[in-house]
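Trainee: Last residue of the sequence shown: number 95 in this note's numbering, and the count goes up by one each step with no gaps.
Please find one structure pasted underneath; my questions will follow.
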Amino acid sequence: HGQRVTELMKQSQYSPLSVAEMGLVLFAANEGFLTDVELNKVVAFEKALISYANSEQGELLAKINEKGDYNDEIAAQLKATIEKFKSTQTW
5 HGQRVTELMK
15 QSQYSPLSVA
25 EMGLVLFAAN
35 EGFLTDVELN
45 KVVAFEKALI
55 SYANSEQGEL
65 LAKINEKGDY
75 NDEIAAQLKA
85 TIEKFKSTQT
95 W
């Protein structure tokens, strides 16, 4: 688990993540969504998840960035988004 989180924390120098994007990937790690992702695929998973979430849940991410809100409803939406993404197996 720790190695996967370390991989997630490695941001590209010229493309930092937004607060919502970082929250999304940390939520995924914290909720166990990375346990079946091979260590050498974590960065690809992160990039694909962020891309998917921006296209499928752009309003949610914008709301998180704008207001900084986090509650049970947002957590449920993040969880559903990650579950849908993982079902695509596109990373």
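Ideal Cβ positions, reconstructed from N, Cα and C, are used throughout, including at glycine.
Between which two residues does the alpha helix (DSSP H) containing Q93 stretch?
Mentor: First-last for Q93: undefined, no H or E at that position.
Trainee: Nearest to E79 by alpha carbon, out of L30, G6, S22, T10?
Mentor: Note on identity: in this sequence residue 79 is Ala, with Glu being the wrong assignment. The candidate whose alpha carbon is nearest that of A79 is L30.
Trainee: Tell me the rounded alpha-carbon separation between L38 and K45.
Mentor: Between L38 and K45, the C-alpha separation is close to 10 Å.
Trainee: Would you check if the distance between the CB atom of T92 and the CB atom of E60 is smaller than 8 Å?
Mentor: Contact: no.
Trainee: Starting from K71 and walking both ways along the alpha helix (DSSP H), at which residues does that stretch end?
Mentor: Run containing K71: 62-71, per the alpha helix (DSSP H) assignment.
Trainee: Do I54 and E25 have their beta-carbon atoms positioned less than 8 Å apart in this structure?
Mentor: A contact, by the Cβ cut-off of 8 Å.
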